[in-house]
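Have a look at the structure below before the remarks.
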Amino acid sequence: MMKLLESLLSAMIYFFAAMAIGGLCLFVHLWFAWKLTPEKIHTAIAAARGTLPPPVTAVATQVSPKEPPEEPSYGDILAKRASMYRDLELKEKMLNSLKDELMTWETTLTKKEGTIDQRENTLEQRIAQVKQEAENAGLEAVRRTLESLRPTQAKELIQEMLSRNEDAQVVTLLQGMNDSKRARIIAEFRTPEETAKIADILRRLRQGVELGPAEQ
6 MMKLLESLLS
16 AMIYFFAAMA
26 IGGLCLFVHL
36 WFAWKLTPEK
46 IHTAIAAARG
56 TLPPPVTAVA
66 TQVSPKEPPE
76 EPSYGDILAK
86 RASMYRDLEL
96 KEKMLNSLKD
106 ELMTWETTLT
116 KKEGTIDQRE
126 NTLEQRIAQV
136 KQEAENAGLE
146 AVRRTLESLR
156 PTQAKELIQE
166 MLSRNEDAQV
176 VTLLQGMNDS
186 KRARIIAEFR
196 TPEETAKIAD
206 ILRRLRQGVE
216 LGPAEQ
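When you read off a place in the sequence shown, starting at 1, and then add 5, the result is the number in the working numbering.
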């Protein structure tokens with residue numbers, strides 16, 4: 006009985022050894038025949054287990070050669086030039102319009118300035134006229150006063166006016182008097198200084214010197 010068990014055990018050992026040697030030979034043959042690699046082995050194991058990832062399909066992108074830019078046609082060039090000319094014409098018209106407006110404004114301003122200057126001159130002339138009329142009225146009142154006074158009193162008033170350098174007013178007053186009254190007043194100037202002063206007044210009176218703006 007023991008011999009039978011030993012025989013069976015030995016047979017099983019030989020069988021498993023033969024199986025192992027055969028499997029090893031088959032693995033070596035497949036390794037070289039199929040050009041197995043560790044990656045392929047891992048892939049086969051993953052496929053056997055059902056964990057193989059889906060295959061990645063690499064899409065080869067073909068880079069198309071760059072096409073040269075299309076040259077513009079003669080018609081396109083003409084159209085572009087025509088558009089540029091239209092833009093230039095519009096700009097020129099706009100500038101001319103602005104220039105005309107500026108000239109119109111300048112003309113209007115010039116006219117307004119001329120009107121203002123004319124009004125100012127008219128106003129100044131009117132003011133001078135009113136002033137002259139007022140002074141003439143005042144001188145006329147003084148002349149009547151001098152004629153109503155005695156010659157000695159009129160002489161004193163005239164001397165006072167001469168001391169204030171109002172020679173032109175004195176000439177105007179004497180011009181408006183009658184000859185007899187003027188002669189009696191002038192006769193009161195007797196000293197050399199008085200005679201010299203009244204002589205200058207008489208000279209201006211003979212020349213017909215009138216009261217001017219510079220002597221007012």
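The beta carbon of each residue, even a glycine, is placed where N, CA and C say it ideally should be.
Note that the coordinates shown come from a computational prediction; the quantities given were computed from them, not determined experimentally.
Proximity below 9 Å, CB of residue i to CB of residue j
{"i": "residue 156", "j": "residue 198", "result": "no"}
{"i": "residue 190", "j": "residue 151", "result": "yes"}
{"i": "residue 187", "j": "residue 179", "result": "yes"}
{"i": "residue 154", "j": "residue 162", "result": "yes"}
Assumed close pair residue i, residue j - CB separation to whole angstroms, cut-off 8 Å
{"i": "residue 166", "j": "residue 158", "result": "The pair is not a contact, with the Cβ atoms about 13 Å apart (cut-off 8 Å)."}
{"i": "residue 182", "j": "residue 148", "result": "6 Å"}
{"i": "residue 176", "j": "residue 209", "result": "5 Å"}
{"i": "residue 206", "j": "residue 172", "result": "7 Å"}
Buried or exposed by the 16-neighbour rule on C-beta atoms within 10 Å, applied to residue i
{"i": "residue 132", "result": "exposed"}
{"i": "residue 26", "result": "exposed"}
{"i": "residue 215", "result": "Note that residue 215 scores a pLDDT of 47, beneath 50, so its modelled location is shaky; the value from the coordinates is reported in the next line. Exposed, by the Cβ-count rule."}
{"i": "residue 18", "result": "exposed"}
{"i": "residue 160", "result": "buried"}
{"i": "residue 63", "result": "For residue 63, the predicted structure reports a pLDDT of 45, less than 50, and the residue's modelled location is therefore unreliable. A value from the coordinates is still provided. Residue 63 comes out exposed."}
Query raised in the report: Considering only residues of the segment 109-179, which uninterrupted alpha helix (DSSP H) runs meet the minimum length of 4 residues and lie entirely inside it, listed in chain order?
Result: 156-168
Query - Contiguous alpha helix (DSSP H) assignments of at least 4 residues, all confined to the segment 185-213 - result: 197-212
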